[in-house]
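K.L.:
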Amino acid sequence: MATQKTWGGRFTGATDDRVESFTESIRFDQRLYREDILASQAHARMLAHAGLLSSDEAELIVATLNDIQGEIARGEFEYSIKLEDIHTHIEQALIQRLGDVGRKLHTGRSRNDQVITDVKLWTRFAIDVIDLRLLELQRSLFGNAERHHDLIIPGYTHFQRAQPVLASHYFLAYLEKYQRDRERLSDCRRRVNVLSLGTAALAGTSLPIDRAFVAQQLGFDGLAANSLDVSSDRDFVVEFVFDLSLIALHLAGWAEEWILWSTTEFNFLDLPDAFCTGSSIMPHKKNPDVLELIRGKSARVVASLQQLMLLIKGLPLAYNRDLQEDKEPLFDAFDTVSASLELAAALVRDTSFRHEAIASRIEDGYLDATTLMEYLVKEGVPLRTAHEAVGQLVRKCEDRKLRLIDLPAEVFDSIQMGLSAKVKSVLGVRNALAAFQSHGSTAPAEVEKQMLAWRQRLEAQ
Ligand code: ARG
Numbered sequence: 016m017a018t019q020k021t022w023g024g025r026f027t028g029a030t031d032d033r034v035e036s037f038t039e040s041i042r043f044d045q046r047l048y049r050e051d052i053l054a055s056q057a058h059a060r061m062l063a064h065a066g067l068l069s070s071d072e073a074e075l076i077v078a079t080l081n082d083i084q085g086e087i088a089r090g091e092f093e094y095s096i097k098l099e100d101i102h103t104h105i106e107q108a109l110i111q112r113l114g115d116v117g118r119k120l121h122t123g124r125s126r127n128d129q130v131i132t133d134v135k136l137w138t139r140f141a142i143d144v145i146d147l148r149l150l151e152l153q154r155s156l157f158g159n160a161e162r163h164h165d166l167i168i169p170g171y172t173h174f175q176r177a178q179p180v181l182a183s184h185y186f187l188a189y190l191e192k193y194q195r196d197r198e199r200l201s202d203c204r205r206r207v208n209v210l211s212l213g214t215a216a217l218a219g220t221s222l223p224i225d226r227a228f229v230a231q232q233l234g235f236d237g238l239a240a241n242s243l244d245v246s247s248d249r250d251f252v253v254e255f256v257f258d259l260s261l262i263a264l265h266l267a268g269w270a271e272e273w274i275l276w277s278t279t280e281f282n283f284l285d286l287p288d289a290f291c292t293g294s295s296i297m298p299h300k301k302n303p304d305v306l307e308l309i310r311g312k313s314a315r316v317v318a319s320l321q322q323l324m325l326l327i328k329g330l331p332l333a334y335n336r337d338l339q340e341d342k343e344p345l346f347d348a349f350d351t352v353s354a355s356l357e358l359a360a361a362l363v364r365d366t367s368f369r370h371e372a373i374a375s376r377i378e379d380g381y382l383d384a385t386t387l388m389e390y391l392v393k394e395g396v397p398l399r400t401a402h403e404a405v406g407q408l409v410r411k412c413e414d415r416k417l418r419l420i421d422l423p424a425e426v427f428d429s430i431q432m433g434l435s436a437k438v439k440s441v442l443g444v445r446n447a448l449a450a451f452q453s454h455g456s457t458a459p460a461e462v463e464k465q466m467l468a469w470r471q472r473l474e475a476q
């Protein structure tokens, strides 16, 4: 039915069925119906304000669009690939109901600027959702930092035991990462929140539209300056999905850590039953599926980013139909990260830490070796000499299966006269922890300062 097409005038033949199903976007862009209606209502009011519609016509359009929105929300609206996308569906539904008045809505705009405006409105909302989810996760992590404030855990580099850290320092590390993610989102939001509508197809319009009026109604902070740029601009989609990718990667690294920490080998933590599943054959199994899928699904998010970057590669100005392919990766990346964050926050909140199991092995792995070396440095031994000396002590311990503190007094005294008498107050994980003092370190006083700052920051939101 060529007549159903909003662009059917210059065509005589019908569209090939295969072309309709190849080119449709209604399957996925129906998700934009609220944004499309919101933008159309603002546009209609602006047309009345500019004298291109009567105010009665504009009000009728606004009210009818509300009816259509209700129908869509209730699942009563019928979609057809013949109408390609959500924009055409809604406009056609309006025309069906209002005839000529409906035919005026598209005055001074094009689907090109309409699509991007809808996507911007949606992305603005999506950014706010992710930000809230990140805040929830930060709160869960902070709750753990408070609950486990006296717990000392091994810190790792290369996943080998390195130095002791306070568990609160560990949790705050992730709060920092997610804070940067939130800052990136709010920066991205500034670029999203610029109105595209009114740039029409590519060059603007000869009709006396008022873009500032639309921007004000839709809560945009400014107007996109160059119409040619706007119709091809998907930078903000790529940028948002990059931000989502980094969040997904932060989550995946943490998930990996906790999967390992939940093993019998580590035995650091007990994941909540509600977030694990069992095995159909091995009755004892409790598998960390949620964590594994948070890790696994990060691949989809990064793949979406790659898809978007490849999509815009080599596209000339201005609109090209390729750009319709931006929505699926955008929606998928958002859905994946949103769900991952929601589950992560709940899982973090309900996981218990096995303080005793952690404490029973905390003196393993020479977490105090660096402290001893730095003690010698404070005593005037050149760093490289101290490093070498402590390294040799560790080798002796490994041969004899000892901890540093268990070495005979003469071994210490051969490094420095009288050292054996001092090591009691230097070695051991508690002493090692107490010795830290640099800014941003795991020194208890430093961590206390950070906890205070975070408490204030989180309470203020
Ligand atoms: N379905 C299209 C999309 O989502 C609508 C834009 C159509 N514009 C055009 N010039 N054909 O991008």
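To get the numbering used here, take the position in the sequence shown, counting from 1, and add 15.
Using N, Cα and C, we set each Cβ at its ideal position, and we do this for glycine too.
Could you give the C-beta distance for Leu332 and Ser247, rounded to a whole number, given that I count them as a contact under 8 Å?
P.N.:
5 Å
K.L.:
Which ranges does the beta strand (DSSP E) cover as unbroken runs of at least 3 residues, wholly within the segment 166-250, from first to last along the chain?
P.N.:
167-172, 175-181
K.L.:
Using the beta-carbon count (16 or more within 10 Å), is Ile76 buried or exposed?
P.N.:
buried
K.L.:
Name the one or two DSSP bridge partners that Ser367 has.
P.N.:
Asp285
K.L.:
Where Ala17 and Asp32 are concerned, what is the direct C-alpha to C-alpha distance, given to the nearest angstrom?
P.N.:
Confidence at Ala17 is low in this model, with a pLDDT of 38, below 50, so its placement is unreliable and the value that follows should be read with caution. Looking at the two C-alpha atoms, the distance is approximately 12 Å.
K.L.:
Ala447 and Leu382 look like a contact to me (Cβ under 8 Å); what is the Cβ gap, rounded to whole Å?
P.N.:
Confirmed, about 6 Å.
K.L.:
Taking 7 Å as the cut-off, decide whether the C-beta atoms of Arg206 and Phe251 are in contact.
P.N.:
yes
K.L.:
Please determine whether the Cβ atom of Asn335 lies at a distance below 6 Å from any heavy atom of the ligand ARG.
P.N.:
False, no ligand heavy atom lies under 6 Å from that Cβ.
K.L.:
Tell me, please, which residues DSSP counts as bridged to Asn302.
P.N.:
Thr292
K.L.:
Could you check if Gln339 belongs to the surroundings of the ligand ARG, using beta carbon to heavy atom distance under 6 Å?
P.N.:
yes
K.L.:
For Gln175, count the other beta carbons within 10 Å of its own beta carbon; 16 or more makes it buried, fewer makes it exposed. Which is it?
P.N.:
exposed
K.L.:
I'd like to check one pair, Arg162 with Asn282: are the Cβ atoms closer than 7 Å?
P.N.:
no
K.L.:
What is the DSSP secondary structure of Thr18, counted as helix, strand or coil?
P.N.:
Residue placement at Thr18 cannot be trusted, given a pLDDT of 49 that sits under 50; what the coordinates show is reported in the next sentence. Looking at Thr18 - three-state DSSP - the assignment turns out to be helix.
K.L.:
Using DSSP with H/G/I as helix, E/B as strand and the rest coil, what is Gln7?
P.N.:
As shown, the chain starts at 16 and ends at 476. That puts residue 7 outside it, with no answer to give.
K.L.:
Go ahead and label Phe349 buried or exposed: buried means 16 or more other beta carbons lie within 10 angstroms of its beta carbon, across all protein chains shown.
P.N.:
By the 16-neighbour rule on beta-carbons within 10 angstroms, Phe349 is buried.
K.L.:
Going by the C-beta, is Ser9 closer than 6 Å to any heavy atom of the ligand ARG?
P.N.:
This structure cannot settle anything about residue 9, because the visible part of the chain is limited to 16 through 476.
K.L.:
Are Leu243 and Arg226 close, meaning C-beta to C-beta below 7 Å?
P.N.:
Not closer than 7 Å, so no.
K.L.:
Tell me the rounded alpha-carbon separation between Leu286 and Arg204.
P.N.:
A direct Cα-to-Cα measurement between Leu286 and Arg204 gives close to 35 Å.
K.L.:
Would you report the Cα separation of Gly158 and Ala361, rounded to the nearest angstrom?
P.N.:
11 Å
K.L.:
Would you call the segment 294-309 in contact with the segment 214-223, where contact means no fewer than 3 C-beta pairs closer than 8 Å?
P.N.:
Here the segment 294-309 makes no contact with the segment 214-223; the two share fewer than three CB pairs at distances below 8 Å.
K.L.:
Out of Glu280, Lys328, Val363, Val229, which one is the CA nearest neighbour of Ala289?
P.N.:
Val363
K.L.:
Could you pull out every unbroken beta strand (DSSP E) segment of at least 3 residues lying fully inside the segment 333-383, listed in chain order?
P.N.:
none
K.L.:
Using alpha carbons as the reference points, say which of Val444, Thr351, Ala450, Leu259 lies closest to Glu389.
P.N.:
Ala450
K.L.:
Is Arg124 near the ligand ARG, judged by its Cβ being under 6 Å from some heavy atom?
P.N.:
no
K.L.:
For His454, does the count of other Cβ atoms within 10 angstroms reach 16, so buried, or fall short, so exposed?
P.N.:
So His454 ends up on the exposed side.
K.L.:
Would you call Pro397 buried or exposed, if buried means 16 or more other Cβ atoms sit within 10 Å of its Cβ?
P.N.:
That one is exposed.
K.L.:
In chain order, which continuous runs of the alpha helix (DSSP H) of length 4 or greater are located wholly inside the segment 17-97?
P.N.:
Contiguous alpha helix (DSSP H) elements confined to the segment 17-97 occur at 32-38, 41-44, 48-64, 70-88, taking only those with 4 or more residues.
K.L.:
Take the Cβ of Glu50 as the centre, count every other Cβ of all protein chains shown within 10 Å, and call the residue buried at 16 or more, exposed below.
P.N.:
Buried, since its Cβ has 16 or more Cβ neighbours within 10 Å.
K.L.:
Distance, Cα to Cα, Asp421 vs Ala384?
P.N.:
13 Å
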